[in-house]
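Asker: The structure that follows is given in the form of structure tokens.
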């Protein structure tokens, strides 16, 4: 490996000759070894999760732990999907709950944050600076600190109006929408600001109303940003745990996937094959989206800190 | 993407706003003034009700005797208790231990994550392209794993008797690592449990730092390093004299974000500790939840008082974050 990469560079770059070639080779080997170590450290736990999910029970329980499964089996996936993680509730119901609350909050969040982002990027108004600072501060205050007050508020609201907010998906849907708003507004704001104002003005001169300008000019250009922000909100809501834990209580048929997984772990803590199979199923959608959105996520979170 | 947005934003301010305070045209004004307010209103209302109002209530709750009994129908309103929660916290040795552990664990998580992430970012910058991309994709897997899945995997890796780490340590020669690892329970004592917890958090968060640092490194002109090399600077000195000053705003921001994310860690501890029985492994967010939803009777007042302590710590860090953002013109 190192010999092949070292050989062609030597004649191509005569400058390199000033240093001892052996030293360069050793250093390069060191760099690649370090890279391989980082790769292994990152991937191994994920590999172990998937490998355990495909191992037969006998092998998981065996004292003779092996790095690679001897035989592969789908029994754990079968058990998770067709059996019951929680007595009386099927896997598909948890999946449906998770999808419903996640997609619902993403859709609501997309509309709300797009409106707010247009306001912040396109208009100068008196509350603008205060609004941006509010977003930045709110983004930092963790739900873990607010959870008691949020819970009490929803409980009081429920008692006062008779609308059920706890023990079903509506309460957590509202909270998830609110939680990802600050970040999605800040992400979208950059995308809206990047659309040249002249473009909108030109369309307006040609007789397009504000609504047409919005759909025909702004939307197509902001769409990639909207996708990125939505995926960010999706991941946040999909993974969320503490709000679901507090709000759903004992209503097991309303549980989201992370919650059902934790419940299952609490009751059947030794069924590692099934636990890992369920963890794998929980992880897959996030990984797919993550690989897709990864670059925008970095620029969204660090915003203007990296400047060329 | 953020860079282009930045450039455009910087151009906009000189243009006088149509709805400025000095704008006289009455007909135009009536039509354009309310628009931005209408646009932010829905987001503002939901944020105010769901996230801002609870901050106020958290403070109010912490100053009253407030338990689950006050939520019963026809129950009396919570009573003012003259800072009793805070006085109890001040004299509560358990609380001080938990606070100390939270700070120590957070510092370790942030420190290890930042150092490892920065080193990996520099490493990726020096590897060939295909190898760098391969390692990045591997890191994405760690980053993308949901907290619940990650915690369960690490619980499984460190499981007594059958966990891979225990088995591997047991198979290593005794003179190297000592004996008795096979049955070692990592989840009973604070030091070992926090060790596993820090490993999970670092595993999940170093990719973000590494990828951000890599993006920053790519933005530094190559000539600066050449100049440093001509001046005889090695890798260590060119990092501190070129890389660090150039990326200072980025490092400050990453540090703040990381501190805030690591102070609030809950899910991972919930899975690793797997109960509320062992108070010696609590962290602040865990203590809040335990007081509010696991203690009997649920003590909302006490939980809120602990939450106030945590929020104050986070707001102190946030103030620093705001300073960075305002300096960079993000609030303009």
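Chains as they are written, first to last, in this note's numbering: chain A, 1 to 308; chain B, 1 to 332. Just so you know, even glycine gets a beta-carbon here, dropped at the ideal spot from N, CA and C.
Using the Cα positions of residue 189 (chain A) and residue 112 (chain A), report the straight-line distance between them to the nearest angstrom.
Answerer: By one-based count along the first chain, residue 189 (chain A) stands at place 189. By one-based count along the first chain, residue 112 (chain A) stands at place 112. For residue 189 (chain A) and residue 112 (chain A), the distance between alpha carbons rounds to 12 Å.
Asker: Would you give the residue range spanned by the alpha helix (DSSP H) that residue 57 (chain A) belongs to?
Answerer: In the first chain, counting from the first residue as 1, residue 57 (chain A) sits at position 57. Looking at the DSSP string, the run of the alpha helix (DSSP H) that includes residue 57 (chain A) is 57-61.
Asker: Just the Cα atoms here: how many angstroms apart are residue 181 (chain B) and residue 134 (chain B)?
Answerer: Within the second chain, the letter at position 181 stands for residue 181 (chain B). Within the second chain, the letter at position 134 stands for residue 134 (chain B). Residue 181 (chain B) and residue 134 (chain B): Cα-Cα distance of roughly 34 Å.
Asker: So, for residue 130 (chain A): in the same chain, excluding its five sequence neighbours on each side, which residues have a beta-carbon less than 6 Å away from its beta-carbon?
Answerer: In the first chain, the residue the question calls residue 130 (chain A) occupies position 130. Counting only Cβ-Cβ distances below 6 Å, and skipping sequence neighbours, we find nothing.
Asker: Identify the contact partners of residue 57 (chain B) in chain A, using a Cβ-Cβ distance below 8 Å as the criterion.
Answerer: Stepping through the second chain from its first residue, residue 57 (chain B) is reached at position 57. The contacting residues are 149, 152, 153.
Asker: Going along chain B, which residues have a C-beta under 9 Å from residue 205 (chain A)?
Answerer: The residue you call residue 205 (chain A) lines up with position 205 of the first chain. The premise fails here: residue 205 (chain A) is roughly 16 Å from chain B at the closest Cβ pair, so nothing lies under 9 Å.
Asker: Residue 179 (chain B) versus chain A: which residues are under 9 Å apart at the beta carbon?
Answerer: What you label residue 179 (chain B) is simply residue 179 of the second chain in a count that begins at 1. Going along chain A, no residue has its Cβ under 9 Å from residue 179 (chain B), so there is no contact; the nearest lies around 16 Å.
Asker: Could you tell me the boundaries of the alpha helix (DSSP H) in which residue 74 (chain A) lies?
Answerer: As a working note, residue 74 (chain A) is residue 74 in the first chain. From DSSP, residue 74 (chain A) is part of no alpha helix (DSSP H); its letter is neither H nor E.
Asker: Check the Cβ-Cβ distances between residue 138 (chain B) and every residue of chain A, and say whether any is below 8 Å.
Answerer: Translated into the one-based positions of the second chain, residue 138 (chain B) becomes position 138. Yes, its Cβ sits closer than 8 Å to a Cβ of chain A.
Asker: Roughly how many whole angstroms lie between the Cα atoms of residue 19 (chain B) and residue 145 (chain B)?
Answerer: Translated into positions along the second chain, residue 19 (chain B) becomes position 19. Translated into positions along the second chain, residue 145 (chain B) becomes position 145. Any reading at residue 19 (chain B) needs caution, since the residue's pLDDT is 40, under 50, leaving its predicted position unreliable; the model's value is listed next. So the alpha carbons of these two residues sit roughly 47 Å apart.
Asker: I'd like the list of long-range same chain contacts for residue 135 (chain A), defined as Cβ closer than 7 Å, with 5 residues on each side in sequence excluded.
Answerer: Against the first chain, residue 135 (chain A) aligns to sequence position 135. Closer than 7 Å at the Cβ level, and outside the excluded window around residue 135 (chain A), lie 182, 185, 186.
Asker: What separation, rounded to the nearest whole angstrom, lies between the Cα atoms of residue 191 (chain A) and residue 331 (chain B)?
Answerer: Position 191 of the first chain, counting from 1, holds the residue named residue 191 (chain A). Position 331 of the second chain, counting from 1, holds the residue named residue 331 (chain B). Rounded to the nearest angstrom, the two C-alpha atoms are 16 Å apart.
Asker: Between the Cα of residue 89 (chain A) and the Cα atoms of A:162, A:161, A:70, A:259, which residue gives the shortest distance?
Answerer: For the purposes of this step, residue 89 (chain A) is taken as residue 89 along the first chain, with counting starting at 1. Nearest of A:162, A:161, A:70, A:259 to residue 89 (chain A), Cα basis: A:259.
Asker: How would you label residue 155 (chain B), buried or exposed, when you count the other beta carbons within 10 angstroms and need 16 or more for buried?
Answerer: Locating residue 155 (chain B) in the second chain gives position 155, where the first residue counts as 1. With 16 or more other Cβ atoms within 10 Å, it is buried.
Asker: For residue 23 (chain A), return the contacting residues in chain B, with the cut-off set at a CB-CB distance below 8 Å.
Answerer: Reading the first chain from its first residue, position 23 is the one you call residue 23 (chain A). Result: empty, since nearest Cβ-Cβ is about 13 Å, beyond 8 Å.
Asker: Would you check if there are 3 or more beta carbon pairs closer than 8 Å linking the region 227-235 of chain B to the region 165-180 of chain B?
Answerer: The region 227-235 of chain B is not in contact with the region 165-180 of chain B.
Asker: Which first and last residues belong to the alpha helix (DSSP H) in which residue 42 (chain B) is found?
Answerer: Translated into positions along the second chain, residue 42 (chain B) becomes position 42. Unbroken alpha helix (DSSP H) run through residue 42 (chain B): 34-47.
Asker: Contact between the region 166-182 of chain A and the region 90-106 of chain A: three or more CB pairs below 8 Å?
Answerer: Output reads yes: the region 90-106 of chain A touches the region 166-182 of chain A.
Asker: In this structure, what does DSSP give as the bridge partners for residue 65 (chain B)?
Answerer: As a working note, residue 65 (chain B) is residue 65 in the second chain. Paired residues: B:79.
Asker: Whole angstroms are fine: how far does the CA of residue 185 (chain B) sit from the CA of residue 292 (chain B)?
Answerer: The sequence position of residue 292 (chain B) within the second chain is 292, counting from 1. The sequence position of residue 185 (chain B) within the second chain is 185, counting from 1. Using only the alpha carbons, I get a separation of about 29 Å.
Asker: Find out if the Cβ-Cβ distance for the pair residue 106 (chain B), residue 257 (chain B) is shorter than 8 Å.
Answerer: Translated into positions along the second chain, residue 106 (chain B) becomes position 106. Translated into positions along the second chain, residue 257 (chain B) becomes position 257. No, the pair does not count as a contact, with Cβ atoms beyond the cut-off.
Asker: Does DSSP put residue 274 (chain B) in a helix, a strand or coil?
Answerer: Working through the second chain from its first residue, we reach residue 274 (chain B) at position 274. Residue state, collapsed to three classes: coil.
Asker: For residue 95 (chain A) and chain B, any beta-carbon pair shorter than 8 Å?
Answerer: Within the first chain, the letter at position 95 stands for residue 95 (chain A). No, because no Cβ of chain B sits closer than 8 Å to the Cβ of residue 95 (chain A).
Asker: Assign residue 74 (chain B) to one of three DSSP states: helix, strand, or coil.
Answerer: Counted from its first residue, the second chain places residue 74 (chain B) at position 74. Coil.
Asker: DSSP has residue 299 (chain B) in a bridge; who is on the other side?
Answerer: Counting from one through the second chain, the residue named residue 299 (chain B) turns up at place 299. The partner list for residue 299 (chain B) (beta bridge, DSSP) reads B:67.
Asker: So residue 239 (chain A) and residue 147 (chain B) are supposed to be a Cβ contact under 8 Å. How far apart are they, rounded?
Answerer: Sequence index remark: in the first chain, residue 239 (chain A) carries index 239 (1-based). Sequence index remark: in the second chain, residue 147 (chain B) carries index 147 (1-based). About 6 Å; that satisfies the 8 Å criterion.
Asker: Should residue 55 (chain A) go down as buried or exposed, given a rule of 16 or more other Cβ atoms within 10 Å for buried?
Answerer: Within the first chain, the letter at position 55 stands for residue 55 (chain A). By the 10 Å Cβ count, residue 55 (chain A) comes out buried.
Asker: Pull up the distance between the alpha-carbon of residue 212 (chain B) and that of residue 194 (chain A), whole angstroms please.
Answerer: Along the second chain, read from residue 1 onward, the residue named residue 212 (chain B) stands at position 212. Along the first chain, read from residue 1 onward, the residue named residue 194 (chain A) stands at position 194. Those two C-alpha atoms are separated by around 22 Å.
Asker: Spell out a yes or no on whether the region 305-312 of chain B and the region 157-164 of chain A are touching, meaning 3 or more CB-CB pairs, one atom from each, closer than 8 Å.
Answerer: Output reads no: the region 157-164 of chain A does not touch the region 305-312 of chain B.
Asker: Restricting to runs no shorter than 4 residues, where is the alpha helix (DSSP H) found entirely within the region 135-208 of chain A?
Answerer: Counting whole runs of 4 or more residues, the region 135-208 of chain A contains the alpha helix (DSSP H) stretches 143-161, 169-194, 197-205.
Asker: Report the residues of the region 242-270 of chain A with a CB closer than 7 Å to any CB of chain B, ordered along the chain.
Answerer: Listed in sequence order: 242, 246, 258, 261, 262, 265.
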